[in-house]
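Notes to accompany the following structure.
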Amino acid sequence: MNAVSPGEEFICHLGVEQGIKVIYRPMFKYRDGHSTSSKYASLTFKQTIEMKNTFDRAVRIMVVDQVPVSGEEKIKVSS
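Set out below in structure tokens:
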């Protein structure tokens, strides 16, 4: 971690909070354009992220997720 000046904001991950439950729910996967005559196919995935607070008090949560990336040059990912 880099040095931080007094009053400066910084991000520090402290691990998993046991009082907050995170559930990833795949909603659907749709395949389009794949046939024996086509060499290209399109896959669409959709999911929801459900957060549940099990504390007796309100908590502030920020959800950050990443669009998948491909290590293959032939596979393109768009959002």
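Counting in the UniProt record's numbering, the sequence shown runs from 1 upward without gaps. Using N, Cα and C, we set each Cβ at its ideal position, and we do this for glycine too.
Practice task
With Lys46 as the anchor, note down where its beta strand (DSSP E) starts and where it stops.
Solution key: Ser42 to Asn53
Problem - Under 8 Å between C-beta atoms of residue 99 and Lys29 - result: This structure cannot settle anything about residue 99, because the visible part of the chain is limited to 1 through 79.
Practice task
Would you grab the beta carbon distance between Asp65 and Ile49 for me? Rounded to a whole angstrom, and I think it's under 8 Å.
Solution key: 7 Å
Problem - Close Cβ partners of Ile23 (< 6 Å) along its chain, the five nearest in sequence each way excluded - result: Glu50
Handout entry: Rounded separation between Ser79 and Gln18 - CA only
Key = 31 Å
Problem - Cut-off 8 Å between Cβ atoms - residues of its own chain near Val4, not counting five sequence neighbours on either side - result: Phe10
Problem - Where the beta strand (DSSP E) containing Lys21 begins and where it ends - result: Ile20 to Asp32
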